[in-house]
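Chemist:
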């Protein structure tokens, strides 16, 4: 018996989920729901139907877990509670500031329909949250640092694309190596936004656009770039396609703290990710949590959870006894 | 209401537990049990009794969780099941090969007495196990690497001390930087024992001992040193006391794997620890799991668990709602 997975949406993240399923022999993709005309969506997995999301209710008993591939700005706040009425669900909601509100909405929908939901499954929030929680529990005296990159920020790339005269753009967030080293030394530095990350932009101009004006608009854009040391490179469309078409990302979660009765010992706990493809990795995390959701719902659990509420063993294809033998 | 903690034994690890309790305002040390004459054991926490371990039964209802500070070779295989008859218990059992057997022994004792036990709480096994489990679940296609150090190996230091002519010794296990870099590159190298770690020894000779013979005996000692590139430094007793009296340790767990339908993306997940004091950190982990044991036993759970069976939120002094707000 395999775990029957449905996917909502078919963007980058959903394709990451689709490929992650192929790496997990206990899972099977059974349907992809889309808002678009289903006949216009060609998916990779042979023989799996693409269905209008309005027809999801017909799949109520044919899916064990629905994985949501939508975005946090407008899709997930509506979709996760709505689909939790029909299915066990997993999402990668990542707007940190409104996680408690999203949790409450999903929790009441899932409790009401007796389904189980896990939200915020990705790497930040997600694996980074887990590492912050463990490190804070073990080292109550200490300071947390999160660095992102080197990687593509889609939000920042989009912001550049909205500037008149820009045809296309790709923005990399880059952690500052000397800041990382200062944190690893255990000196608990106070770091400004500018000291932690730099921003590197690759921009394709439209014909006749004023490069100096575009560069200045990027560098002075509030929130996105003004607080950072930003570098702008103008490149051809071919170069952008050839050298910057991937979606790499990653980052570092570091807690630097003290132990000992008089805080006489310094400890540094570091977790890092280096990812060739952000959506493929995030999809892999979603699929591992789909396994956990399936198992926990079999145990009768309902309502909403975050990654902090799920024991690591539930994510593994191995049994607890096999885990004790091989990975503990 | 604080969580009432007892400690069994009063060696380095137990002292680490004692100091970790002072960093956790929801916990209180209430008793230390010892095999020695209790009047000979002076502990740091004022007002806490030291009691013969034979009298533990009188404390049956006065302790919420007993933390075991003993060693894995001879103490814990007997103590953890025995004390699980009386208390909820946490240990740092670390003999990887016999974890399944230790688990079974503790599980039946704890189930029988309706207590809850968590074994193998430290950093390896412990935090490293957790990171291996998460990384394997997320990246089913990949390879695990564990490096230890730079840090003091007490087993190797003891082995040197048993050589005739050696008064005292301290051995550091050192990961090979180029091997770490090769692993981080995602090239999934096959590494021999010699390629992963070197061993550095600081040795104080007895008067008249033959340095060349001692050095040769160390370097050729099977299992401990023969498979490694080993460096031996002869130092004075004063130098050893001044420069090598600490118990620093740490290490790296790295999983390098692939995502994407055709394994076209490489990912590297890395977790590392840099610890000034191995026993103080291990004590901090034990105390965090004591909190989890307390909460889970309040929920009615009994039997044995490992760190893989415990959700991260149970370790935190914060409530799940506070965690969602601040650390997810």
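Protein chains in written order, with the numbering used here: chain A, 690 to 1017; chain B, 690 to 1017. All C-beta atoms in this analysis are idealised placements derived from N, C-alpha and C, irrespective of residue type, glycine included.
#1: Applying the 10 Å Cβ sphere with the 16-neighbour rule, what's the burial state of residue 707/B?
#2: Can you tell me whether residue 772/A is helix, strand or coil according to DSSP?
#3: Just the C-alpha distance for residue 694/A and residue 918/A, rounded to the nearest angstrom, thanks.
#4: Using only the alpha-carbon positions, how far apart do residue 898/B and residue 855/B sit?
#5: Run down chain B in chain order and give the residues with a C-beta less than 7 angstroms from the C-beta of residue 999/A.
#6: Whether or not the segment 943 to 963 of chain A and the segment 957 to 975 of chain B are in contact is what I'm after, with contact meaning three or more pairs of Cβ atoms, one per stretch, closer than 8 angstroms; do they touch?
#7: Please decide whether residue 987/B counts as near chain A, where near means a Cβ-Cβ distance under 7 angstroms.
#8: Give the list of continuous alpha helix (DSSP H) stretches no shorter than 4 residues that lie fully inside the segment 963 to 996 of chain B.
#9: Please classify residue 804/B: does DSSP put it in a helix, a strand, or coil?
#10: Closer than 7 angstroms by beta-carbon distance: list the chain A residues that pair up with residue 902/B, in chain order.
#11: Quick check on DSSP: helix, strand or coil for residue 845/A?
#12: So which residues on chain A does residue 958/B lean against when the C-beta distance must stay under 7 angstroms?
#13: Considering only DSSP beta bridges, list what residue 890/A is partnered with.
#14: Kindly list the residues whose CB is nearer than 7 angstroms to the CB of residue 982/A, restricted to its own chain and excluding five residues on each side of it in sequence; keep chain order.
#15: Looking at chain A, is there any beta carbon in it that lies within less than 7 angstroms of the beta carbon of residue 741/B?
#16: Taking only beta-carbon positions, decide if residue 818/A is within less than 7 angstroms of chain B.
#17: Give a yes or no on whether 7 angstroms exceeds the smallest Cβ distance from residue 788/B to chain A.
#18: Which of helix, strand or coil does DSSP assign to residue 960/A?
#19: For residue 985/A, I'd like the list of residues in its chain whose CB is within less than 7 angstroms of its CB, leaving aside the five on either flank, ordered along the chain.
#20: So, is residue 955/B buried or exposed, given that buried needs 16 or more other C-beta atoms within 10 angstroms?
#21: Looking at residue 995/A: is its Cβ nearer than 7 angstroms to the Cβ of residue 799/A?
#22: Please report the Cβ distance between residue 785/B and residue 838/B, rounded to the nearest whole angstrom; I am assuming they are in contact, meaning their Cβ atoms lie under 8 angstroms.
#23: Exposed or buried, what is residue 788/B when buried is set at 16 or more other beta-carbons lying within 10 Å of its beta-carbon?
#24: Looking only at its chain, what residues have a beta carbon closer than 7 angstroms to the beta carbon of residue 957/B, apart from the 5 residues adjacent to it on each side?
#25: Starting from residue 938/A, follow its DSSP beta bridges and name the residues at the other end.
#26: Near residue 730/B, what residues of its chain come up, given a Cβ to Cβ distance below 8 angstroms and the 5 sequence neighbours on each side ignored?
#27: For residue 911/B, does the count of other Cβ atoms within 10 angstroms reach 16, so buried, or fall short, so exposed?
#28: Does DSSP put residue 699/B in a helix, in a strand, or in coil?
#29: In three-state DSSP terms, what is residue 852/B?
#30: Please report the Cβ distance between residue 969/B and residue 705/B, rounded to the nearest whole angstrom; I am assuming they are in contact, meaning their Cβ atoms lie under 8 angstroms.
#31: On the CB-based measure, 16 or more other CB atoms within 10 Å of its CB, does residue 953/A come out buried or exposed?
#32: Using the Cα positions of residue 671/B and residue 718/B, report the straight-line distance between them to the nearest angstrom.
#33: Anyone know if the C-beta pair for residue 830/B and residue 842/B falls short of 7 angstroms?
Modeler: Put simply:
#1: Taking the second chain and counting its residues from 1, the one referred to as residue 707/B is at position 18. Buried: at least 16 other Cβ atoms inside 10 Å.
#2: As a first step, residue 772/A must be located in the first chain, where it is residue number 83. Three-state DSSP puts residue 772/A in a helix.
#3: On the first chain, position 5 is the one that residue 694/A refers to. On the first chain, position 229 is the one that residue 918/A refers to. Each residue's alpha carbon lies about 44 angstroms from the other.
#4: Sequence index remark: in the second chain, residue 898/B carries index 209 (1-based). Sequence index remark: in the second chain, residue 855/B carries index 166 (1-based). Whole-angstrom Cα-Cα distance: 8 angstroms.
#5: Here residue 999/A is taken as the residue at index 310 of the first chain, counted from 1. The answer, in chain order, is 1000.
#6: yes
#7: By 1-based counting over the second chain, the position of residue 987/B is 298. False, the Cβ-Cβ gap to chain A never drops below 7 angstroms.
#8: 967 to 987
#9: Taking the second chain and counting its residues from 1, one reaches residue 804/B at position 115. Note: residue 804/B maps to coil in three-state DSSP.
#10: Here residue 902/B refers to the residue found at position 213 when the second chain is read from its first residue. Chain A residues near residue 902/B: none, gap ~37 angstroms exceeds 7 angstroms.
#11: Taking the first chain and counting its residues from 1, the one referred to as residue 845/A is at position 156. Residue state, collapsed to three classes: helix.
#12: Here the question's residue 958/B lines up with position 269 in the second chain. Correct list: 962.
#13: Looking up residue 890/A in the first chain gives position 201. Residue 890/A pairs with 860/A and 921/A.
#14: The residue you call residue 982/A lines up with position 293 of the first chain. Taken in chain order, the residues that qualify are 754, 777, 779, 805 and 807.
#15: For the purposes of this step, residue 741/B is taken as residue 52 along the second chain, with counting starting at 1. Residue 741/B does not count as touching chain A.
#16: Numbered from 1 along the first chain, position 129 holds the residue referred to as residue 818/A. Chain B contact via Cβ: present.
#17: If you number the second chain from 1, residue 788/B lands on position 99. Yes, its Cβ sits closer than 7 angstroms to a Cβ of chain A.
#18: Counting from 1 along the first chain, the entry for residue 960/A is found at position 271. Of the three classes helix, strand and coil, the one that applies to residue 960/A here is strand, per DSSP.
#19: Along the first chain, read from residue 1 onward, the residue named residue 985/A stands at position 296. Correct list, in chain order: 805 and 1003.
#20: Start at 1 with the first residue of the second chain, and residue 955/B comes out as number 266. Buried.
#21: Residue mapping note: residue 995/A aligns to position 306 of the first chain, counting from 1. Residue mapping note: residue 799/A aligns to position 110 of the first chain, counting from 1. Their beta carbons are not under 7 angstroms apart, which means residue 995/A does not touch residue 799/A by this criterion.
#22: Within the second chain, residue 785/B is the residue found at index 96, counting from 1. Within the second chain, residue 838/B is the residue found at index 149, counting from 1. Not really, about 17 angstroms apart at Cβ, beyond 8 angstroms.
#23: Along the second chain, one-based indexing puts residue 788/B at 99. Result: buried.
#24: Start at 1 with the first residue of the second chain, and residue 957/B comes out as number 268. Excluding five sequence positions before and after residue 957/B, the CB atoms of its chain that fall closer than 7 angstroms to its own CB belong to 873, 875, 943 and 945, given in chain order.
#25: Here residue 938/A corresponds to residue number 249 of the first chain, with the count starting at 1. Note: residue 938/A sits in a beta bridge opposite 964/A.
#26: Within the second chain, the letter at position 41 stands for residue 730/B. If we look at residue 730/B and ignore the five residues flanking it on each side, its Cβ neighbours are 699, 721, 723 and 739.
#27: For this step, residue 911/B is matched to residue 222 along the second chain. Exposed is the call here.
#28: Taking the second chain and counting its residues from 1, the one referred to as residue 699/B is at position 10. In the structure shown, residue 699/B adopts coil according to DSSP, grouped into three states.
#29: Locating residue 852/B in the second chain gives position 163, counting from the first residue. In this structure, residue 852/B counts as coil in the three-state DSSP scheme.
#30: Taking the second chain and counting its residues from 1, one reaches residue 969/B at position 280. Taking the second chain and counting its residues from 1, one reaches residue 705/B at position 16. That pair is a contact at about 4 angstroms.
#31: Walking along the first chain from the start, residue 953/A turns up at place 264. Exposed, because fewer than 16 other Cβ atoms sit within 10 Å of the Cβ of residue 953/A.
#32: Shown here, chain B extends from 690 to 1017; a query on residue 671/B therefore has no answer.
#33: Numbered from 1 along the second chain, position 141 holds the residue referred to as residue 830/B. Numbered from 1 along the second chain, position 153 holds the residue referred to as residue 842/B. Taking 7 angstroms as the Cβ cut-off, residue 830/B and residue 842/B do not qualify as a contacting pair.
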